[in-house]
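Read the structure below first, then the notes.
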Amino acid sequence: MTEEKTVVLGVIGADVHAVGNRILAYALAQAGFKVANIGVLATREEFINAALETDAAAIWVSSLYGHGELDCRGLRDQAAEAGLERILMYVGGNLVVGKQDWAGVEKRFKDMGFDRVYPPGTMPGRAIADLMRDLGLVNEVD
Amino acid sequence: MELKNQKWPADEFFSRRREVLAAWPTGREVDLDEAVAYHRRAGAGRSMAALLDQARTSGRTLAQPRAGVALLLDQIELLRYLAAEGEADCLPATIDSYTRQNRYAEAQAGIEESRAAGRSMLNGFPAVNYGVAACRRVVEAVDVPVQVRHGTPDARLLAEITLAGGFTSFEGGGISYNIPYAKDVPLEKSIADWQYVDRLAGWYLEHGVTINREFFGPLTGTLVPPGISHAVGVIEALLAAEQGVKNVTLGYGQCGNLIQDVAAMLTLPRLAEDYLERCGYRGVTVTTVLHQWMGGFPADESKAFGVIAWGAATAALAGADKVIVKTPHEAVGVPGKEANAAGIKATKQVLNMLRDQFMPPTPELTEEIAVIRAETTAIVDKTLDLGDGDVALGTVRAFKAGVIDVPFAPSRFNAGRLLPARDNRGAVRLLEPANLPFDRALLDFHRERLAERGRVENREPGFQMVIDDIYAIGKGMLVGRPR
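The listed protein sequences correspond, in order, to chains A and B. For the first sequence, position 22 matches number 22 in UniProt numbering, and the numbering has no gaps at all. For the second sequence, position 111 matches number 111 in UniProt numbering, and the numbering has no gaps at all.
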């Protein structure tokens, strides 16, 4: 069933880190998902528009450069305004400037409306397994 | 104006300048004659060119960190700390990512939010927003030369403000600050915008102030084979020299195999000098910089120090004039000042210990040197051919044809068909050479080296091998072996 599900993938803000984006796209496709990859330098509007156009099940936001805190604010509200009230939103990467206590960072991003928040160095497989679970597709991976 | 590799006439440059300086209010602060007078008063102690010259003559390797924060006083404090506690030989202002995309209003918001939060919310120093006088406070805060480091496809205003602000070295180029740093900027535009920056540096030189121009060697920092980054560096040196630049530093990102890295650093200045000479540019001083490993780092700080020390050893043994230092916090992003100083100190310990040692010539080193020379020459010569001798035009056509192809670059003006992977000894080779203009012997060399690894690992070389290699150093290895 996963081939029915689309994930919008992108690197938010003024961030140009392209490598992880390419690997995530590959890993999601290998796991059977459709990937709407909007690439680097993606605006919040591009995430929402891509999700609307592809009827996506999830939005995956990457941020590697430290401005994630400034860039991600408002994404959940904008999604709701666009009629995407229930869309899953994950975020991961080097989300803030400096080495900060992870629990605090995770809470800040959960408060912004993200369903899952991943620390630096998370492997794609972990987030894909979470996505399977959140979408009720777990049995199909086993 | 049509793109050509030709020195900009003064009227063209000065008419373009008016538009550039009008893009943000601080542009009004730039007065070139006053800036020249300021640089002359500041003297050689602030000159990056003079420091590099000294390093080259005495055979030592300078250690330089990356460092940039949102607030002016914090930037000053950071540089002072890295000079005093970190013993940095030269310093940077690393520019934040909004400024790199010319988004000065967002940078301004980042400054305000950082003030309110009491911590830097930006990943660098927004020099354009602060303007000329504030830049001078930054460079005057320390006794060593300070460079502008960034990743800006259109850096014209940034260059105007920071050079007038007393910085004596400016990183970047029309290829190396576009292809890895943008997705939609045509090369015709970025090359022209960097001709402007080079012409500005040339103007300073003509008025007695040497600005060092450094090109960003690591590109995407992800398994870039030396032949490709060398070709880009040589081309950017030629483009800068045409605009009157006489002091250039070519860069290379450490790949991790010592023999390949030493060969890369030994060939880099020779190739640049050969091409500059061949294209008729005289009196250009060429120095080199090695970037410690630019890919993914281990999160464990002791392991990260291992990676840093290996980069320092490589820089010393390869005779790099300068090394750009990583920090033990690399895996989690922008470091604090203590972690930054720790990286410099670890590096300097190794540089000092290896100062009088060098790599002896061995058959392996000789072979690697020959391979890198052949690869770079093949790409640069084909690029010149494609431009009918004009390196600017040739570069645009070379990217279109995939004659230059940077792995994992975000730009849509890069073919993106090439795939690199490590061989069995960790040297970076070509798994998919795509359209690189290599002869049969070079292609066979790459294929055989990867086939050898495939036999050892009992798998066909493929994309999974590339992914394994990208994560390998972060997981404590060089070669991404199958689990």
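Where is the CB? At the ideal position from N, CA and C, for every residue including glycine. Since this is a predicted model, take the numbers as computed values, not measurements.
Asked	Found
Host alpha helix (DSSP H) of residue 170 of chain B (start-end)	Looking at the DSSP string, residue 170 of chain B is not in any alpha helix (DSSP H); the run it does join, the beta strand (DSSP E), is 169-171.
beta-carbon residue 110 of chain A near the ligand FAD non-hydrogen atom, thresh 7 Å	No copy of the ligand FAD occurs in the structure displayed, which carries no ligand at all.
Contact check, residue 120 of chain B vs residue 70 of chain B, beta carbons under 8 Å	yes
Cβ-based burial, residue 444 of chain B [other Cβ within 10 Å; buried from 16]	exposed
Presumed contact (8 Å Cβ cut-off) between residue 254 of chain B and residue 291 of chain B, rounded CB distance	6 Å
Three-state secondary structure (DSSP) of residue 92 of chain A	strand
Local Cβ density within 10 Å of residue 94 of chain B, reported as buried at 16 or more and exposed below that	buried
Counted within 10 angstroms of its Cβ, other Cβ atoms place residue 40 of chain B as buried (16 or more) or exposed	exposed
Secondary structure of residue 467 of chain B, DSSP reduced to three states	helix
Close-in-space but distant-in-sequence residues of the same chain around residue 55 of chain B (CB under 6 Å, 5 per side omitted)	62 and 321
Integer-rounded CB distance, given that residue 187 of chain B should sit under 8 Å from residue 376 of chain B	Not confirmed; about 19 Å, so no contact.
Distance CB(residue 97 of chain B)-CB(residue 14 of chain A) smaller than 8 Å	yes
Touch test, the segment 172-187 of chain B against the segment 125-144 of chain B, Cβ-Cβ under 8 Å, three pairs minimum	no
Residues bridged to residue 400 of chain B (per DSSP)	Answer is none; residue 400 of chain B lacks a bridge partner.
Buried or exposed (CB count within 10 angstroms, at least 16 for buried), residue 30 of chain B	buried
Residues near residue 477 of chain B in its chain [Cβ-Cβ closer than 8 Å; skip 5 each side]	none
Minimum Cβ-Cβ distance from residue 16 of chain A to chain B less than 8 Å	yes
Cβ-based neighbour list, residue 143 of chain B, same chain, cut-off 6 Å, excluding 5 preceding and 5 following	none
Burial state of residue 521 of chain B (16 or more Cβ within 10 Å)	Residue coverage of chain B in this structure runs from 1 to 483, which leaves residue 521 of chain B outside it and unanswerable.
Residue 113 of chain B at chain A interface by Cβ criterion, 8 Å	yes
Neighbouring residues, chain B, relative to residue 121 of chain A (Cβ below 7 Å)	299, 331 and 474
Sub-8 Å separation of residue 383 of chain B and residue 403 of chain B beta-carbons	yes
Residue-chain proximity (residue 254 of chain B, chain A), Cβ-Cβ < 8 Å	no
Chain A contacts made by the segment 457-472 of chain B, where a contact means CB separation under 8 Å	463, 467, 470 and 471
Within chain A, partners of residue 334 of chain B - CB distance below 7 Å	66, 97 and 98
Rounded C-alpha distance that separates residue 463 of chain B from residue 202 of chain B	44 Å
Own chain partners of residue 433 of chain B with C-beta closer than 7 Å, once the 5 adjacent residues on each side are dropped	418, 443 and 446
Delimiting residues of the alpha helix (DSSP H) encompassing residue 60 of chain A	From DSSP, residue 60 of chain A is part of no alpha helix (DSSP H) but of the beta strand (DSSP E) over 58-63.
Residues near residue 88 of chain A in its chain [Cβ-Cβ closer than 6 Å; skip 5 each side]	58, 115 and 134
Candidates A/48, A/35, A/20 and A/66: closest to residue 334 of chain B by CA position	A/66
Beta-carbon contacts of residue 120 of chain A that lie in its chain and below 7 Å, excluding the five residues immediately before and after	93 and 94
Neighbour flag for residue 19 of chain A against chain B, beta carbons, 8 Å	yes
Residue 270 of chain B burial status per 10 Å Cβ neighbour count (16 or more: buried)	exposed
Nearest to residue 415 of chain B (by Cα), restricted to the options B/179, B/241, B/117 and B/170	B/179
C-alpha distance - residue 412 of chain B paired with residue 39 of chain A, whole-angstrom precision	11 Å
Chain A residues whose Cβ lies nearer than 8 Å to that of residue 182 of chain B	16 and 41
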